[in-house]
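Counting along the sequence shown from 1, when you hit position 402 you're at 401 in numbering that gives the first Met the number 0, and nothing is skipped either side.
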Amino acid sequence: MAEKAKQFNQFFPKLVVSLFLLGLGIWVGRNVSLPFLPEGQPKYDVLNKLYSKDNVDFAPFWQTWDELNSKFLDKKTLEGDKLLQGALRGLVEAAGDPYTSYFDPESNQTFNSELAGTFEGVGIELGVKDNQLVVISPLEGSPAEKNGVLAGDRIVKIDGKDAAKLSIAEAVKLIRGKASTKVKLAVVRGEADAEHEFEITRETITIKTVKLVVDGEIGIVRINRFGDNTNKEWDSVVNEIATKGISKLVLDVRNNPGGRLDSAIYVASEFLKKADVVVMQEDADGKRQSFYSDRDGRLRGVELVVLINKGSASASEIVAGALKDQKKAKVVGEASFGKGTVQSVVDLKDGSGLHITVAKWLTPSGVWVHGKGLEPDVKVELTEEDIAAGSDPQLSKAKELLK
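Shown next as structure tokens:
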């Protein structure tokens with residue numbers, strides 16, 4: 000033991016010096032010119048050896064960074080943080096997946112505040128379908144909904160900017176903004192080519208994610224999205240259902256753009272037995288992992304109809320798919336949006352955020368809804384004419400099935 004301690008005492012100073020020199024080399028490579036290198040061997044080659052991976056040559060990046068900062072005409076406009084954010088955004092977009100996104104600190108804060116239930120904006124959730132920016136859904140009671148924006152509207156312009164050239168993160172940043180300010184959206188609807196233009200005043204939006212309305216013997220539970228407060232609000236509604244002895248339920252997840260996976264599993268589990276499969280994930284290697292109900296749900300005995308439409312996406316599709324496959328509910332409405340991927344959210348140290356698609360999700364029977372949506376058991380359309388007349392044939396059909 001004494002001999003090992005002696006060897007360590009001799010080795011440790013060398014290790015410290017080596018680590019110091021490595022750190023110094025990285026700092027020098029980034030910040031100081033290296034005059035001792037031969038002509039044609041700039042510092043980028045040294046940096047490339049330190050940072051290269053999978054035979055990717057990073058030297059052009061560092062060279063571009065230096066050339067821009069040394070030669071650009073108006074150097075006062077160059078901000079290091081913004082240049083870095085632009086590089087990160089481009090890096091992520093090059094992955095070619097619309098749901099793998101980089102959010103700068105401001106956009107990331109907005110995203111997190113929306114999940115928490117309060118944000119400033121017009122109240123729409125964005126997605127991509129057929130390579131077009133689309134409205135997954137307008138939130139209930141939001142400025143967008145009140146101005147007539149509908150689920151499925153394809154956004155073509157935001158304040159005059161061509162939406163085809165924008166990522167989801169860039170579009171979100173343009174649409175969000177301070178309350179009382181305005182944004183102009185031009186959309187194309189259905190099969191028509193004519194543009195509809197909306198000038199919408201942004202508001203502070205507070206989202207209560209779960210709401211119960213009792214209509215005679217039927218309870219109608221509306222879930223707007225799956226956010227940070229959904230589980231708590233859901234528990235409160237379930238207690239009210241139990242207290243009132245309601246045995247017939249409509250679970251309405253129309254225009255619900257999704258949100259937290261754990262909340263979707265929590266809600267679906269209320270209608271299932273412990274260890275029933277709620278959803279499966281499949282990784283890049285095809286390996287599948289099942290997520291189960293962790294309890295015997297309190298609403299297993301109710302008669303249930305789930306309402307979906309083309310604004311039901313992601314977590315809401317998981318709930319509807321689980322209850323359909325487990326034969327706990329009839330699903331009524333229109334085919335859902337079809338977002339069948341799972342994103343891992345990483346908060347970076349500067350406050351920015353990275354959303355990375357890490358897996359597919361599948362219904363308990365192994366169905367992948369991505370790009371095509373979940374098909375209802377009973378198809379009922381809701382037209383613009385129905386909306387204008389205050390009619391809801393989808394809800395009427397759900398009540399009819401329960402009665």
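From the three backbone atoms N, C-alpha and C, an ideal C-beta is built for every residue, glycine too.
This structure is a prediction, so every number in the text was calculated from the model and none was measured.
Compute the Euclidean distance between the alpha carbons of LEU132 and LEU184, then round it to the nearest angstrom. In this structure, the straight-line span from the alpha carbon of LEU132 to that of LEU184 is close to 12 Å.
PRO137 bridges to which residues according to DSSP? PRO137 pairs with ILE123.
How about ASP227 and LEU125: are their beta carbons less than 8 Å apart? Pairing ASP227 with LEU125 gives a Cβ-Cβ distance that is not under 8 Å.
Under three-state DSSP, which class holds TRP360? Secondary structure of TRP360 (DSSP, three-state): strand.
How many angstroms separate the CA atom of THR242 from the CA atom of PRO137? Between THR242 and PRO137, the alpha-carbon positions lie close to 32 Å from each other.
Local Cβ density within 10 Å of PHE102, reported as buried at 16 or more and exposed below that: The residue is buried, with at least 16 neighbouring Cβ atoms inside 10 Å.
Beta-ladder partner(s) of HIS195, from DSSP: In DSSP, HIS195 forms a bridge with VAL186.
At which residues does the beta strand (DSSP E) containing THR205 begin and terminate? Annotation for THR205: the continuous beta strand (DSSP E) segment containing it runs 202-205.
What does DSSP give as the partner residues of GLU302 in its beta bridges? LYS247.
From the DSSP output, in three-state form, read off PRO236 for me. Looking at the sequence itself, residue 236 is Val, so the reference to Pro does not match. Helix.
Within the chosen definition, does the stretch 330-337 reach the stretch 373-384 through at least 3 CB pairs nearer than 8 Å? Output reads yes: the stretch 373-384 touches the stretch 330-337.
Start-end ranges of the beta strand (DSSP E) lying completely within the stretch 47-119, minimum 3 residues: Within the stretch 47-119, the complete beta strand (DSSP E) runs of at least 3 residues are 100-102.
For the alpha helix (DSSP H) that SER315 lies in, which residues bound it at each end? Note, SER315: alpha helix (DSSP H), 314-324.
At least 3 beta-carbon pairs within less than 8 Å: the stretch 104-119 vs the stretch 214-233: Touching, yes.
Indicate the three-state DSSP secondary structure (helix, strand or coil) for SER289 in the structure shown. Under the three-state reduction of DSSP, SER289 is assigned to strand.
Check LEU165 in the structure and name its three-state DSSP category. LEU165: coil per DSSP, three-state reduction.
Whose C-beta lies closer than 7 Å to the C-beta of ALA312 among residues of the same chain, with five residues either side of it excluded? Setting aside the 5 residues that flank it on each side, ALA312 is surrounded in the same chain by GLY126, ILE135, PRO256, GLY257, SER335, PHE336, LYS338, each with a C-beta closer than 7 Å to its C-beta; the list follows chain order.
Near VAL171, which residues of its chain fall below 7 Å by C-beta distance, leaving aside the five closest residues on each side in sequence? Within the same chain, SER106, LEU125 come within 7 Å of VAL171 by CB-CB distance, once the 5 residues on both sides are set aside.
According to DSSP, which residues form a beta bridge with GLU383? Answer is none; GLU383 lacks a bridge partner.
Host alpha helix (DSSP H) of VAL277 (start-end): Unbroken run through VAL277 is the beta strand (DSSP E), 276-281; no alpha helix (DSSP H).
What is the C-beta distance between GLU139 and ASN223, in whole angstroms, given that I count them as a contact (C-beta under 8 Å)? So it is a contact: roughly 5 Å between Cβ atoms.
Excluding sequence positions up to five away, which residues of its chain have a Cβ less than 7 Å from the Cβ of TYR291? Scanning its chain for C-beta atoms nearer than 7 Å, with the 5 sequence neighbours on each side dropped, one finds around TYR291 the residues ALA274, ASP275, VAL276, VAL277, in chain order.
Count the CB pairs spanning the stretch 145-155 and the stretch 196-208 that are closer than 8 Å, and state whether there are at least three. The stretch 145-155 vs the stretch 196-208: in contact.
Return the CA-CA distance between ASP152 and TRP61, expressed in angstroms with no decimal places. If I take the Cα positions, the gap works out to 42 Å.
From the DSSP output, in three-state form, read off ASP158 for me. Reduced to three states, the DSSP call for ASP158 is coil.
Considering only their Cβ atoms, is the gap separating ALA314 from SER262 smaller than 8 Å? Yes.
Look up ASP214 in the DSSP assignment and say whether it is helix, strand or coil. In the structure shown, ASP214 sits in a strand (DSSP, three-state: E or B).
In three-state DSSP terms, what is ALA261? According to the sequence shown, residue 261 is Asp rather than Ala. The DSSP-derived three-state label of ASP261 is helix.
From TRP360 to ILE123, what does the alpha carbon distance come to, in whole angstroms? Computed Cα separation, rounded: 24 Å.
Measure the alpha-carbon distance for GLY79 versus LEU87 and round it to whole angstroms. One Cα belongs to GLY79, the other to LEU87, and the distance between them is close to 12 Å.
Exposed or buried, GLY120, counting other C-beta atoms within 10 Å across all chains shown (16 or more means buried)? GLY120 is buried by the Cβ-count criterion.
If I follow the unbroken alpha helix (DSSP H) through LYS309, where does it start and stop? LYS309: not part of any alpha helix (DSSP H); DSSP gives it neither H nor E.
Would you mind working out which of ILE307, ILE154, ASP192, ALA143 sits nearest ASN130, comparing C-alpha positions? Ranking ILE307, ILE154, ASP192, ALA143 by Cα distance to ASN130 puts ILE154 first.
By DSSP, does VAL252 sit in helix, in strand, or in coil? Residue state for VAL252 is assigned as coil, using DSSP reduced to three classes.
Straight-line Cα distance separating MET279 from THR362: When the Cα atoms are used, THR362 and MET279 turn out to be separated by approximately 6 Å.
Using the Cα positions of ALA387 and SER364, report the straight-line distance between them to the nearest angstrom. As the crow flies, the alpha-carbon of ALA387 is around 38 Å from that of SER364.
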